[in-house]
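J.: Protein chains in written order, with this note's numbering: chain S, 177 to 336; chain W, 522 to 823.
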Amino acid sequence: MAEGTRWRFALFIAGVVVLHFVLRVGLGLGVLAPDLLVVALLLASRRMRPGGAAGLGFVLGLLEGAANPTVPLGAHSLALAVVGYLASRSREWLAGDDPVTMVAYFFVGTLLYLVLLFLLLAVIGAGGSPMAIAIPAVFASLYAAAVGLGASALYRTAVA
Amino acid sequence: MGHALRSTVLYPVMAMERGSTDRAGHYADAARLRAERDSLASFLVGQSNLAAENRELRSLLGFRPRLTYSFVPAETDRLAGPGSAGTLRLSVGTRDGIHGDAVLVTAEGLVGKVWKLGSEASVAIDWTHDRFAVAVMTVEGETYGIAKPVDGPHGERVLALTPVAFHTVPDTGSLVVTSGDGALFPRGIPVGRVIGEGKEPGGWQRTYFIRPLVAPSQMSHVLVLGAPMQGRSDQDLASAWGVRLTQAEVADTSARAVAPDAATPMARPAPRQAAPERPRPRRPARRDPTPELPGRPVFPTP
Chain S
177 MAEGTRWRFA
187 LFIAGVVVLH
197 FVLRVGLGLG
207 VLAPDLLVVA
217 LLLASRRMRP
227 GGAAGLGFVL
237 GLLEGAANPT
247 VPLGAHSLAL
257 AVVGYLASRS
267 REWLAGDDPV
277 TMVAYFFVGT
287 LLYLVLLFLL
297 LAVIGAGGSP
307 MAIAIPAVFA
317 SLYAAAVGLG
327 ASALYRTAVA
Chain W
522 MGHALRSTVL
532 YPVMAMERGS
542 TDRAGHYADA
552 ARLRAERDSL
562 ASFLVGQSNL
572 AAENRELRSL
582 LGFRPRLTYS
592 FVPAETDRLA
602 GPGSAGTLRL
612 SVGTRDGIHG
622 DAVLVTAEGL
632 VGKVWKLGSE
642 ASVAIDWTHD
652 RFAVAVMTVE
662 GETYGIAKPV
672 DGPHGERVLA
682 LTPVAFHTVP
692 DTGSLVVTSG
702 DGALFPRGIP
712 VGRVIGEGKE
722 PGGWQRTYFI
732 RPLVAPSQMS
742 HVLVLGAPMQ
752 GRSDQDLASA
762 WGVRLTQAEV
772 ADTSARAVAP
782 DAATPMARPA
792 PRQAAPERPR
802 PRRPARRDPT
812 PELPGRPVFP
822 TP
């Protein structure tokens, strides 16, 4: 990646992260807004090494946990670190960035994050009913996949 | 660490969130709020003479003023996401004078309690949250127990009153209020009505389902109860909701000896030797016609 493109991409990811907190926390939209934090992590992980992607996921998880005090602080960090690591490793077998692949990538990544978060919360006894989580998680993953595809296309258009 | 992040990196977002909560309150259902206010004003006007009479009687009997509760009005936002079921974000925090585990109420009754306290905003749990539990009793005081959230007979979220002694059978439709046991929830706050009997845990006690008076959709505006304070009000907390507790009152330690028969005039106590003479209570010269609220708002300290 060229130096200029790298900075533009980093700014783009930072913008998506800021937009996530503005929409979900600042404006209080909650789940009405897509989970742009996972989208940003999944986009960034495609261009980062596994260790760096896990670290980015950990930092983003800290911010998410701080903004959402109902969940223990480390839960988001751990879940996003695992997702970042796996997303980065997925380049080895998930080549190409056609729309179908990207939608599947965002969908599976978001779903994996929500499942991991649910399991972590279940371990500490705050997970709730699996059936009550399953359907919203699928819809949230579809939502994130659609928005992720849009964000990816927007970046391509901006760079091009 | 979470607090440090909220007060530094996330400070602009948290400030924006507080502003958005305030704006959401401005667009609340004005007609419903007006109806609630009118009902409350009507109730208070009807009770004003009673309160004044009660105050005079307590003054004549030498009772000290009862402890009343301060309150802070707050707007709420329901949190969403894994692990956030039954949690609300409150627009008030320690800056507004609330404390940890403070109780949330509405005009209908009990909502929940403060869970995580912040300086400008806090997180509360309502009665649907898994960690919620409240000591309750029926209005007549025959049935006591702990109410916890469960999935009811038709899958809806209700409270389960348990354990109830086997010989105690509360009527369907009975009003259930907080009993004050455990000192977390003040006594007399309406909680819900009994809707039926649940599964018996072991055959020696009963479980009853309670439908809470405050539905989750009615929690957009709440009152956060503050610490007890000495006030001129002589109303029980139950009377703030128009509930008359028929259960025997807990002994008022601030009162002098009272005759067992309430209809019998009380004998004057013998004067003590060592104790200084208490000044005779004087009848108020003029009645205050203003209806009295069951608490005082707490204003934020500058």
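Think of the CB as a built atom: it goes at the ideal place given N, C-alpha and C, for glycine as much as any other residue.
If you draw a straight line from the alpha carbon of S:A220 to that of W:Y532, how long is it in whole angstroms?
T.: Near 25 Å, if we compare the C-alpha coordinates of W:Y532 and S:A220.
J.: Just to check my reading of the structure: S:L217 and S:L256 have Cβ atoms closer than 8 Å, yes? What is that Cβ distance to the nearest angstrom?
T.: Confirmed, about 6 Å.
J.: S:S253 and S:A229: beta carbons closer than 9 Å?
T.: Not in contact: S:S253 and S:A229 (Cβ atoms no closer than 9 Å).
J.: In the stretch 585 to 643 of chain W, which residue ranges form an unbroken alpha helix (DSSP H) of at least 4 residues, counting only runs that do not cross its ends?
T.: Within the stretch 585 to 643 of chain W, no complete alpha helix (DSSP H) run reaches 4 residues.
J.: Suppose you measure from the CA of W:E538 to the CA of S:N244; what does that come to, to the nearest Å?
T.: Between W:E538 and S:N244, the C-alpha separation is close to 12 Å.
J.: Less than 8 Å between the CB atoms is what I'm expecting for W:L611 and W:P711, so what's the real figure, rounded?
T.: Rounded, the Cβ-Cβ distance is 21 Å, inconsistent with contact.
J.: So, do the stretch 268 to 280 of chain S and the stretch 199 to 211 of chain S have three or more beta carbon pairs nearer to each other than 8 Å?
T.: Contact fails: fewer than three Cβ-Cβ distances are below 8 Å.
J.: Please look up how many angstroms separate the CB atoms of W:G621 and W:L638, rounded, as I've assumed it's under 8 Å.
T.: Going by Cβ atoms, the distance from W:G621 to W:L638 rounds to 5 Å, so yes, they are a contact pair.
J.: Entirely within the stretch 639 to 693 of chain W and at least 3 residues each: give me those beta strand (DSSP E) ranges in chain order.
T.: Fully enclosed beta strand (DSSP E) runs of 3 or longer: 643 to 647, 655 to 659, 665 to 672 and 678 to 686.
J.: Give the residues of chain B in contact with S:G231, contact being defined as C-beta atoms less than 7 Å apart.
T.: Absent here is chain B; the protein component of the structure consists of chains S and W.
J.: Just verifying my parser: in three-state terms, what is the DSSP assignment at W:F730?
T.: Of the three classes helix, strand and coil, the one that applies to W:F730 here is strand, per DSSP.
J.: Terminal residues of the continuous beta strand (DSSP E) containing S:P275?
T.: Premise fails: S:P275 lies in the alpha helix (DSSP H), P275 to V299, not in any beta strand (DSSP E).
J.: Straight-line CA distance for W:R678 to W:Y729?
T.: So the alpha carbons of these two residues sit roughly 13 Å apart.
J.: Using a Cβ-Cβ cut-off of 9 Å, state whether S:L217 counts as contacting chain W.
T.: Chain W, which has no Cβ nearer than 9 Å to the Cβ of S:L217, makes this no.
J.: Could you compute how far the alpha carbon of S:V259 sits from the alpha carbon of W:T529?
T.: Near 26 Å, if we compare the C-alpha coordinates of W:T529 and S:V259.
J.: Going by beta-carbon coordinates alone, are W:L600 and S:L238 separated by less than 9 Å?
T.: No, Cβ-Cβ distance for W:L600 and S:L238 is not below 9 Å.
J.: For S:V201, decide whether its Cβ has a neighbour in chain W, counting only Cβ atoms nearer than 9 Å.
T.: Interface residue, yes.
J.: Who are the neighbours of S:P245 on chain W, taking C-beta pairs under 7 Å?
T.: Here the neighbours are G523, K637 and V644.
J.: Can you tell me the Cα-Cα spacing of W:D550 and W:T608, whole angstroms?
T.: So the alpha carbons of these two residues sit roughly 22 Å apart.
J.: Taking the C-alpha atoms as reference points, what is the distance between S:A190 and S:L249?
T.: Using only the alpha carbons, I get a separation of about 21 Å.
J.: Since W:Q726 contacts W:P684 with CB under 8 Å, what's their CB separation in whole angstroms?
T.: That belief holds up - the Cβ atoms of W:Q726 and W:P684 are roughly 4 Å apart, short of 8 Å.
J.: With a threshold of 6 Å on Cβ separation, who are the neighbours of W:A645 within its own chain once the five nearest residues in sequence on each side are excluded?
T.: For W:A645, where only same-chain residues beyond five positions count, the Cβ hits under 6 Å are L609, L611, L625, G633, V635 and W636.
J.: Could you spell out the range, first to last residue, of the alpha helix (DSSP H) harbouring S:P226?
T.: P226 to A243 is the span of the alpha helix (DSSP H), which, as asked, contains S:P226.
J.: Out of curiosity, what's the CA-to-CA distance linking S:L262 and S:P226?
T.: Approximately 7 Å, taken between the alpha carbons.
J.: Kindly indicate which residue of W:E718, W:G717, W:S695 and W:V660 has the alpha-carbon position closest to the one of W:R708.
T.: Checked all of W:E718, W:G717, W:S695 and W:V660; the closest Cα to W:R708 is W:V660.
J.: Apart from the five residues on each side of it in sequence, which residues of its chain come closer than 7 Å, Cβ to Cβ, to S:V201?
T.: Result list for S:V201: A243, in chain order.
J.: Quick one: Cα of S:L318 to Cα of S:F283, how far?
T.: Computed Cα separation, rounded: 6 Å.
J.: Could you check how far apart the C-beta atoms of W:L744 and W:P594 are, in whole angstroms? I think they sit under 8 Å.
T.: Confirmed, about 6 Å.
J.: Which residues in chain S have a C-beta closer than 8 Å to the C-beta of W:A623? List them in chain order.
T.: Residues of chain S passing the Cβ test: none, with the nearest at roughly 16 Å.
J.: Grab me the residues of W:E641's own chain with a C-beta within less than 7 Å of its C-beta, minus the 5 sequence neighbours each way, in chain order.
T.: R539, G614 and R616.
J.: Which residues in the same chain have their Cβ closer than 6 Å to the Cβ of W:A654, if we skip the five residues on either side of it in sequence?
T.: The answer, listed in chain order, is I667 and K669.
J.: Please name the residue in W:A681, W:S695 and W:P733 whose C-alpha comes closest to that of W:G719.
T.: Nearest option by C-alpha distance: W:A681.
J.: By alpha-carbon positions, which one of W:I731, W:R555 and W:V566 ends up nearest to W:D672?
T.: Out of W:I731, W:R555 and W:V566, W:I731 has the C-alpha closest to the C-alpha of W:D672.
J.: Roughly how many angstroms separate the alpha carbons of W:L566 and W:R579, rounded to a whole number?
T.: Reading off the sequence shown, one finds Val at residue 566 of chain W, where the question assumed Leu. Rounded to whole angstroms, W:V566 to W:R579 spans 21 Å at the Cα level.
J.: Could you tell me whether the Cβ of W:L531 comes closer than 9 Å to any Cβ of chain S?
T.: W:L531 counts as touching chain S.
J.: Classify S:F315 as buried or exposed, calling it buried when 16 or more other Cβ atoms lie within 10 Å of its own Cβ.
T.: Answer is exposed; the Cβ neighbour count stays below 16.
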